[in-house]
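Number 386 marks the last residue of the sequence shown (this note's numbering); no jumps.
Before any comments, here is the structure.
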Amino acid sequence: MNPEQFELTAEQRHVADLARDIARGEIAPFVAQWDRDGTFPRELYTKLAQAGMMGILIPEEFGGAGAGYVAYALAIEELARVDAGAAVTLSVHSMICSAIERLGSPSQRKRWLPLLATGDCIAGFALTESEVGSDAANLRATARRDGDGYVLNGRKQWCTNGSYAAVVMSMFRTGGPGAHGISAFLVEGAAPGMSVERVTEKLGIHTSNTCDLAFDGVRVPAEALLGEEGAGFVGALTALTGGRIGIAAQAVGILAACLDESVAFAKDRMAFGKPIGAFEGVSFKIAQMATDLDAARLLVYRAASLADAGKPFAVEASKAKLFASTAARKHASEALQIHGGYGYTTEFPVERHYRDAKITEIYEGTSEIQQIVIARSLLGKIESL
Ligand SMILES: Cc1cc2nc3c(=O)[nH]c(=O)nc-3n(C[C@H](O)[C@H](O)[C@H](O)COP(=O)(O)OP(=O)(O)OC[C@H]3O[C@@H](n4cnc5c(N)ncnc54)[C@H](O)[C@@H]3O)c2cc1C
Numbered sequence: 002m003n004p005e006q007f008e009l010t011a012e013q014r015h016v017a018d019l020a021r022d023i024a025r026g027e028i029a030p031f032v033a034q035w036d037r038d039g040t041f042p043r044e045l046y047t048k049l050a051q052a053g054m055m056g057i058l059i060p061e062e063f064g065g066a067g068a069g070y071v072a073y074a075l076a077i078e079e080l081a082r083v084d085a086g087a088a089v090t091l092s093v094h095s096m097i098c099s100a101i102e103r104l105g106s107p108s109q110r111k112r113w114l115p116l117l118a119t120g121d122c123i124a125g126f127a128l129t130e131s132e133v134g135s136d137a138a139n140l141r142a143t144a145r146r147d148g149d150g151y152v153l154n155g156r157k158q159w160c161t162n163g164s165y166a167a168v169v170m171s172m173f174r175t176g177g178p179g180a181h182g183i184s185a186f187l188v189e190g191a192a193p194g195m196s197v198e199r200v201t202e203k204l205g206i207h208t209s210n211t212c213d214l215a216f217d218g219v220r221v222p223a224e225a226l227l228g229e230e231g232a233g234f235v236g237a238l239t240a241l242t243g244g245r246i247g248i249a250a251q252a253v254g255i256l257a258a259c260l261d262e263s264v265a266f267a268k269d270r271m272a273f274g275k276p277i278g279a280f281e282g283v284s285f286k287i288a289q290m291a292t293d294l295d296a297a298r299l300l301v302y303r304a305a306s307l308a309d310a311g312k313p314f315a316v317e318a319s320k321a322k323l324f325a326s327t328a329a330r331k332h333a334s335e336a337l338q339i340h341g342g343y344g345y346t347t348e349f350p351v352e353r354h355y356r357d358a359k360i361t362e363i364y365e366g367t368s369e370i371q372q373i374v375i376a377r378s379l380l381g382k383i384e385s386l
């Protein structure tokens, strides 16, 4: 099944076509070099903004495309097919756009959404700390009320887009222990007292910017609070629920690329006098890859359609992310295997897909956390969950 086989609106098709054109024209010729050098292609996001992608989830009244989650998933998939790093940059940015749209005050929406839609501003998300990732309700960074604002202290880890983010949705403890003591803030990227250190050593998604952030007495005005004081953890989870559609679509894109590369290689590579695709040991791998790709796409489109219809989609987003990321990791390995020794070299892009696929099982909730969300929806919150 291709995206074309799914019932899409003309606008959704248009978004997918635009994203494909940009991915093929503006990313594909350079991505191997960017991956080698760890380049974050900042100007790419201006081009994506001109095509409406940076404001894909932002309503038209704020300068966005207001195209919805199915269009967003299609765009992310097309980017990830060529560069998973670009896909997560757009995905995290869009997740914050959506959070500001849903949780922000009228003045926060008016201030940030038009800037984020133009691509002049990129957004980031800072929840994880060195001691807490999955267990984010126990985060330690603090926001202390001080006069007409707050003072932020602590460290955040692995913030995607951190070096380039003009605004970072950041979660801090304003009250007692647990989830209810957490508030969300829109912190400006260049706030005095905030320092950003890029993480350069990572397995894959080298074109995505990953940073550690230190907050050392950062003063923010009360207007920086996103939502109510104490509602920041729920706000972060709301953002992540939408974000999971993006990461699932990223995994679908990586998987689609693995299938394309595997089919082409299996038709071309000869062994024992035949193309290797003539051997069942190879062709069955490809058949399974294609089937899992279809299933992953359908799960992503279902979650995205529910989100667009304003219906609950958290469990469906978790299922989509769990399935698509597992399939991407598994089949990236199979794609590399089909390529034999060539797959292990940088001559073919499958080694990059293999490195990039793994992260989709980890960020925005590990596979185990998605399983907890799904299990709770069936079993309720029993003691061991
Ligand atoms: C490249 C990259 C980019 C990232 N971008 C961002 C970002 O933009 N913003 C941000 O805030 N964070 C970001 N993260 C952090 C990411 O979301 C966390 O790494 C992830 O949530 C897992 O947290 P952890 O690494 O602390 O692992 P842990 O929570 O310590 O988990 C370790 C292992 O234990 C398992 N585990 C934990 N609890 C349970 C449980 N109850 N049941 C079963 N298994 C469990 C986990 O599934 C995992 O396998 C990024 C990480 C990376 C590597």
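By construction, the Cβ of each residue, glycine as well, lies at the ideal position given by its N, Cα and C atoms.
In this text the structure is predicted, and so the values were computed from the model without any measurement.
Anticipated Cβ contact below 8 Å, residue i with residue j, distance rounded
| i | j | result |
| --- | --- | --- |
| Ala76 | Met54 | 6 Å |
| Thr361 | Gln251 | 6 Å |
| Gly194 | Val219 | 4 Å |
| Thr347 | Ala33 | 7 Å |
| Phe126 | Ala144 | Actually they do not touch by this definition, with Cβ atoms about 16 Å apart. |
| Ala248 | Ala329 | In the sequence under discussion, the amino acid at residue 248 is Ile, which differs from the Ala named in the question. With 8 Å as the limit, Ile248 and Ala329 do not qualify as a contact, their Cβ atoms being about 10 Å apart. |
| Ala257 | Arg82 | 5 Å |
| Ala297 | Val264 | That belief does not hold up - the Cβ atoms of Ala297 and Val264 are roughly 17 Å apart, past 8 Å. |
| Ala288 | Tyr70 | At roughly 30 Å, the Cβ-Cβ gap does not stay under 8 Å, so Ala288 and Tyr70 are not in contact. |
| Ile59 | Ala118 | 5 Å |
| Ser368 | Leu323 | 6 Å |
CB contact flag (residue i, residue j, <9 Å)
| i | j | result |
| --- | --- | --- |
| Ala358 | Ala321 | no |
| Val301 | Ala325 | yes |
| Ala167 | Cys122 | yes |
| Ser184 | Leu226 | yes |
| Glu78 | Ala66 | no |
| Val394 | Gly176 | Nothing can be reported for residue 394: it is not among the residues displayed for the chain, which extend from 2 to 386. |
| Gly148 | Tyr165 | no |
| Ala11 | His354 | no |
| Leu204 | Arg356 | yes |
| Thr208 | Arg199 | no |
| Lys268 | Gly282 | no |
| Leu238 | Ile101 | no |
| Thr90 | Thr40 | no |
| Ala336 | Glu262 | yes |
| Ser131 | Ile370 | no |
| Gly381 | Val374 | no |
Residue environment, residue i, which counts as buried when at least 16 other CB atoms sit within 10 Å
| i | result |
| --- | --- |
| Ser92 | buried |
| Pro107 | exposed |
| Pro4 | buried |
| Ala72 | buried |
| Leu49 | buried |
| Thr292 | exposed |
| Ala272 | exposed |
| Ser319 | buried |
| Ala51 | A small fix is needed here, since residue 51 is Gln in this sequence, not Ala. The residue is exposed, with fewer than 16 neighbouring Cβ atoms inside 10 Å. |
| Gly342 | exposed |
| Lys157 | buried |
| Glu27 | buried |
| Ile383 | exposed |
| Gly344 | buried |
| Gln6 | exposed |
Among the options, nearest to residue i - alpha-carbon criterion
| i | options | result |
| --- | --- | --- |
| Ala124 | Pro193, Ala240, Ala11 | Ala240 |
| Arg141 | Pro115, Gly182, Gly150 | Gly182 |
| Tyr364 | Ile206, Gly64, Leu49, Arg103 | Ile206 |
| His340 | Phe266, Ser306, Ile375 | Phe266 |
| Val235 | His15, Leu204, Ala315 | Ala315 |
| Ala180 | Ala138, Gln158, Ala304 | Ala138 |
| Val246 | Phe63, Leu187, Leu299 | Sequence inspection shows Ile at residue 246; the Val mentioned does not correspond to that position. Considering only alpha carbons, the answer is Leu299. |
| Leu80 | Thr40, His15, Leu19, Glu230 | Leu19 |
| Pro115 | Gly105, Gly56, Gln13 | Gly56 |
| Trp35 | Lys382, Leu294, Thr201, Gln6 | Thr201 |
| Arg21 | Ala74, Gly69, Leu58, Glu8 | Ala74 |
| Phe285 | Ala376, Leu260, Gln6, Glu229 | Leu260 |
| Gly233 | Gly105, Arg377, Gly243 | Gly105 |
| Glu8 | Lys382, Leu379, Leu323, Ser306 | Ser306 |
| Gly155 | Gln338, Thr129, Ile375, Pro178 | Thr129 |
| Leu379 | Ser368, Glu317, Gln338 | Glu317 |
| His94 | Gly243, Ile375, Ile383, Gln6 | Gly243 |
| Gly64 | Arg103, Gly120, Phe31 | Gly120 |
| Met290 | Glu224, Gln338, Ser171 | Gln338 |
| Gly231 | Gln13, Glu224, Pro178 | Pro178 |
| Leu153 | Ala29, Ala223, Ala68 | Ala223 |
Below-9 Å beta-carbon distance, residue i vs any chain C residue
| i | result |
| --- | --- |
| Leu300 | The structure shown contains no chain C; it is built from a single protein chain. |
- Report yes or no: do three or more beta-carbon pairs, one from the region 214-230 and one from the region 37-45, lie closer than 8 Å? no
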